[in-house]
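In what follows, a structure is listed as structure tokens, so that the remarks can point back to it.
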Amino acid sequence: MAKSIFERLGGEYEQQGDYLIPRLTVPAEEDRSIGIWGRRHLDYLKQYRKVTYTNLLTSGKLNAYLADINEQAQERSHRLIEDMKQAQGITEQLKAENALEWTGKVNNISAYAREIVEQEIIYT
1299 MAKSIFERLG
1309 GEYEQQGDYL
1319 IPRLTVPAEE
1329 DRSIGIWGRR
1339 HLDYLKQYRK
1349 VTYTNLLTSG
1359 KLNAYLADIN
1369 EQAQERSHRL
1379 IEDMKQAQGI
1389 TEQLKAENAL
1399 EWTGKVNNIS
1409 AYAREIVEQE
1419 IIYT
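Numbering (this note's numbering), first residue to last: 1299 to 1422.
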């Protein structure tokens, strides 16, 4: 019997009853934490980028990809927060003088930075 394309590419079959079932394995992935940003991007991939999700999953690169996305998003978020705090003059002195005002401003900045990161990194 002529070899199939799967066999020519190095694939093997396993006999189960009257059927030949391909032996498929997913390469082992490195164990890295994907964090909150990685989980959000994973949800996005599953819902809107199914082909990309499937390709990453079957190639064994999904976890590393999501961990990298998480790191990029965290770095971008921290950078944005620090830059906006500096631009708006939010200092440790304000924190000592009026903690409630400082908390409100930092929360607003954090929410804005989260929106930017989601638009630039997570949902693209």
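Note that beta-carbon positions come from the ideal geometry of N, C-alpha and C, so glycine has one too.
Restricting attention to LEU1340, SER1357 and TYR1346, the CA atom closest to the CA of ALA1365 is found in LEU1340.
In this structure, ILE1420 lies near TYR1342, with their beta-carbon atoms less than 8 Å apart. As the crow flies, the alpha-carbon of LYS1383 is around 21 Å from that of GLU1369.
Per DSSP, GLU1373 lies in no beta strand (DSSP E); the unbroken alpha helix (DSSP H) holding it starts and ends at 1360-1385. Following the DSSP letters along the chain, one finds TYR1351 inside the alpha helix (DSSP H) bounded by residues 1348-1357. Residue nearest to LEU1360 within the set GLY1315, PRO1320 and SER1331 is SER1331 (criterion: CA-CA distance). Shown here, LEU1307 sits in coil according to DSSP, grouped into three states, outside any helix or strand.
Here DSSP, grouped into helix, strand and coil, assigns ILE1419 to helix.
In this structure, LEU1378 places its C-beta atom within 8 Å of the C-beta atom of ILE1414. DSSP places LEU1392 in the uninterrupted alpha helix (DSSP H) bounded by 1390-1395.
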